[in-house]
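Working notes for the structure below.
2 protein chains.
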Amino acid sequence: MSQQTDGSARVAAAVALLRSRHERVTPARLAVLGVLDRTDEHLGAEDVVTRAAERAPHVHRATVYRALATLGDLGLVAHIHLGGTATVYHLTVPEPAAGDARPHVHLQCTRCGTVLDAPADTMTALQQRLEEEFRFRLDPGHSALLGVCAPCRSTAG
Amino acid sequence: MSQQTDGSARVAAAVALLRSRHERVTPARLAVLGVLDRTDEHLGAEDVVTRAAERAPHVHRATVYRALATLGDLGLVAHIHLGGTATVYHLTVPEPAAGDARPHVHLQCTRCGTVLDAPADTMTALQQRLEEEFRFRLDPGHSALLGVCAPCRSTAG
DNA sequence: CTGCTTGCAAAGTGTTTGCAGGCCC
DNA sequence: GGGCCTGCAAACACTTTGCAAGCAG
């Protein structure tokens, strides 16, 4: 495994933000950031715990949960609710340059559990409508949209 | 037990459907149906447990969960995922006459937890789009849309 | 040094399961 | 009666909390 440096641009930016907020940069937090930076898939808290343990020796479950909460409050990490039950986390790229990696929408099949990614603009219209009609600021990527995927529809639909 | 209005049209219809499927009509199931029929709010499993206990003496937690699962499989009860964590249940009116009470969309504020109801057609366009582009059959009411409500936006946003 | 963070373990939620007995049909 | 349904308790997965010790700043 090319243990790519923790010096990833994203991690570096995250650390910078932590410092600017006078938040401590600890091994546990670095491990969590590193884990999230290293994958493009969505990891559950438990997955983060497991992978973080590979990076830092004794990161405890509770510590990871606390780190995820803290980083979440700082806006460095965001979570998505899949299936209405599972919560998965991902890094919200804080790179000044990067054009704000707009989170895509998640479509989850209630039959097979598969998660499809739809472009962010899929919900733009809805977002504007909710804004106008209800003054409700929709967070498009915060929860997955549930339904049945194509394969499952033909299987027994 | 002389219970008020268990003779609700909806409960009666539900019972009829249970019988037609050769499913047993038990006190516990009747209690669950009665509880759900009696309110228009969305109840969590635990709420159903509590209220069901008032109707039937010793309905156990596990029994309520099993009843909700069974009734769900039969299409008599549906659940919605709020906030991505809480699951709430409601009766899906099986009355032949009723024009299929299409469930409305739920908008939940991640700050104050309030749940707003938006008309079902709010997501019609999105639904069609997902259908065409991904062959994904969206279930509009299955999970709440998360975001920030008007009051909370002005409060600190 | 100061006190935010961590580790650990235990307590909490919310939901599910194995069994023996009970009740619907 | 037969077999599904229930009650009970324990198992479960996930997340949170109380403390004392540890380390960042």
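If you read the sequences in order, they're chains A and B.
Mind the numbering: the first sequence is residues 0 to 156 in numbering that gives the first Met the number 0, read in order.
Mind the numbering: the second sequence is residues 0 to 156 in numbering that gives the first Met the number 0, read in order.
Beta carbons are placed, not taken as given, at the ideal position from N, Cα and C, and that holds for glycine.
Can you grab the Cα-Cα spacing for the pair residue i / residue j, in whole Å?
| i | j | result |
| --- | --- | --- |
| B:V104 | B:A12 | 25 angstroms |
| A:V34 | B:T121 | 38 angstroms |
| A:S19 | B:E132 | 43 angstroms |
| A:A149 | B:R128 | 14 angstroms |
| A:S7 | A:V14 | 10 angstroms |
| B:L32 | B:P139 | 23 angstroms |
| A:T38 | A:A117 | 19 angstroms |
| B:R134 | A:C108 | 11 angstroms |
| A:V92 | A:T25 | 19 angstroms |
| B:A119 | B:H21 | 33 angstroms |
| A:T154 | A:C111 | 11 angstroms |
| A:E130 | B:L125 | 15 angstroms |
| B:I79 | A:L42 | 23 angstroms |
| A:L16 | A:T123 | 29 angstroms |
Between which residues of its own chain and residue i is the CB-CB distance below 6 angstroms, once the five residues before and five after are set aside?
| i | result |
| --- | --- |
| A:R60 | V48 |
| B:T62 | A27 |
| A:A30 | A51, R54, A55, V58 |
Is the beta carbon of residue i sitting closer than 8 angstroms to the one on residue j?
| i | j | result |
| --- | --- | --- |
| B:A143 | A:S142 | yes |
| B:R28 | A:R136 | no |
| B:L67 | B:Y88 | yes |
| B:L106 | B:G146 | yes |
| A:A77 | A:G83 | no |
My guess is that residue i and residue j are in contact by the Cβ rule of under 8 angstroms, so how many angstroms apart are they, rounded?
| i | j | result |
| --- | --- | --- |
| A:V114 | A:L81 | 6 angstroms |
| A:Y64 | A:A51 | So it is not a contact: roughly 11 angstroms between Cβ atoms. |
| A:D36 | A:R9 | 5 angstroms |
Excluding sequence positions up to five away, which residues of its chain have a Cβ less than 8 angstroms from the Cβ of residue i?
| i | result |
| --- | --- |
| B:G98 | Its pLDDT being 44, under 50, B:G98 is placed unreliably in this model, and the value from its coordinates should be taken loosely. So the list is empty, once near-sequence residues are dropped. |
| B:T69 | E22, R28 |
At a CB distance below 8 angstroms, what residues from the segment 41–53 of chain A approach chain B? Give them in sequence order.
none
Could you list the residues in the segment 64–77 of chain B with a C-beta less than 8 angstroms from some C-beta on chain A, going in chain order?
none
So if I threshold CB-CB distances at 8 angstroms, which residues from the segment 110–123 of chain B count as touching chain A?
L115, A117, T121, M122
Could you please tell me which residues of the segment 24–38 of chain B, in chain order, have their CB closer than 8 angstroms to any CB of chain A?
none
Closer than 8 angstroms, Cβ to any Cβ of chain B: which residues of the segment 129–155 of chain A, in chain order?
L129, E132, F133, R134, F135, R136, L137, D138, H141, S142, A143, L144, L145, G146, V147, C148, A149, R152
Taking a Cβ distance cut-off of 9 angstroms, strictly less, list which residues of the segment 79–93 of chain A are near chain B, in chain order.
I79, H80, L81, G82, G83, T84, A85, T86
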